[in-house]
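If you read the sequence shown in this note's numbering, its first letter stands for residue 130, the second for the next number, and so on. Positions of the beta carbon are idealized from the N, C-alpha and C atoms, including for glycine. First the structure, in the form of structure tokens, and then the observations on it.
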Amino acid sequence: MNTSGYNRTSVAFHWIAAILVVTLFLTHEGERGSLAYAFHVSVGFIGGVFLVWRVVRRMVRGMADKPAQSPVLNLASQIVIWGFLVNMVVVTVTGVLVIWSLAQPIDIFGLFSFPSPLSASRSMHELMEEVHEVSGQLFVPLVVLHVLGALKHAFIDRDAIMDRMVHPASDGR
């Protein structure tokens, strides 16, 4: 396995996850019963399954090699990447629990639903709402730092780091 890059599947999953995170962030303020809320819940549940699977896949396959830069920048990069991965799991799990803690089913576009295995708990619901909101907001600084890091590699370092997510390696991670 080529440890300096990512394969097509990993690159595709990176960009799908990016689109999902941005889309779900932009639709998170919908009122219950609104189209935005239904979209957020449905896409969030389906996308959440994908995001959690992506995190597990990344943990199993590992990361590409670290770039030749200072240890402090590599540490910052690792914190941002792991921040994304942990946050994707937290926001997915708490999103499900926000609904299930009210003993409500998760409705997927009105086509089918996943009944709650929990009884209603107002205190759990409020905690999950708060954790879901905070973890959702944490994506903003993570995205900013991630984009700044990518731009640094593209325009200051002029190395091939950013290319890893644009040009897949056939035998990459």
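*asked:* According to DSSP, F238 sits in a beta bridge with which residue or residues?
replied: Along the sequence shown, read from residue 1 onward, the residue named residue 238 stands at position 109. Per DSSP, none; premise fails for F238.
*Is it buried or exposed for V227, if we count other Cβ within 10 angstroms and need 16 for buried?*
Counted from its first residue, the sequence shown places residue 227 at position 98. V227 should be labelled buried.
*Taking the Cβ atom as the reference point for each residue, do G173 and L153 lie within a distance shorter than 8 Å?*
What you label residue 173 is simply residue 44 of the sequence shown in a count that begins at 1. What you label residue 153 is simply residue 24 of the sequence shown in a count that begins at 1. Contact: yes.
*Using the Cα positions of A279 and M188, report the straight-line distance between them to the nearest angstrom.*
As a working mapping, residue 279 is identified with position 150 in the sequence shown. As a working mapping, residue 188 is identified with position 59 in the sequence shown. Taking the straight line from one Cα to the other gives about 21 Å.
_Among the candidates W182, P234, G177, whose CA atom is the shortest distance from the CA of H261?_
Indexing the sequence shown from 1 puts residue 261 at position 132. When only C-alpha atoms are compared, the closest one is G177.
*What first and last residue would you give for the alpha helix (DSSP H) that runs through T223?*
Here residue 223 is taken as the residue at index 94 of the sequence shown, counted from 1. Element bounds for T223: 200 to 229.
_Would N216 and L256 be called neighbours here (beta carbons separated by less than 8 Å)?_
For this step, residue 216 is matched to residue 87 along the sequence shown. For this step, residue 256 is matched to residue 127 along the sequence shown. No; because the gap between Cβ atoms is not below 8 Å, this pair is not in contact.
*asked:* With the cut-off set at 8 Å, would you say R305 and R302 are in Cβ contact?
replied: Residue 305 falls outside the range modelled here, since the chain spans only 130 to 302, and no answer is possible.
*asked:* If the criterion is Cβ atoms closer than 8 Å, does the pair Y166 and M294 meet it?
replied: Taking the sequence shown and counting its residues from 1, one reaches residue 166 at position 37. Taking the sequence shown and counting its residues from 1, one reaches residue 294 at position 165. No; because the gap between Cβ atoms is not below 8 Å, this pair is not in contact.
*For G176, does the three-state DSSP call read helix, strand or coil?*
Residue 176 sits at position 47 when you count from the first residue of the sequence shown. DSSP places G176 in helix when its eight states are reduced to three.
*Please report how far the alpha carbon of L164 lies from the alpha carbon of F238, in whole angstroms.*
Translated into positions along the sequence shown, residue 164 becomes position 35. Translated into positions along the sequence shown, residue 238 becomes position 109. The straight-line gap from Cα to Cα measures roughly 10 Å.
*Given that a residue counts as buried once 16 or more other Cβ atoms are within 10 Å of its Cβ, and exposed if not, what is A249?*
Within the sequence shown, the letter at position 120 stands for residue 249. A249 is exposed by the Cβ-count criterion.
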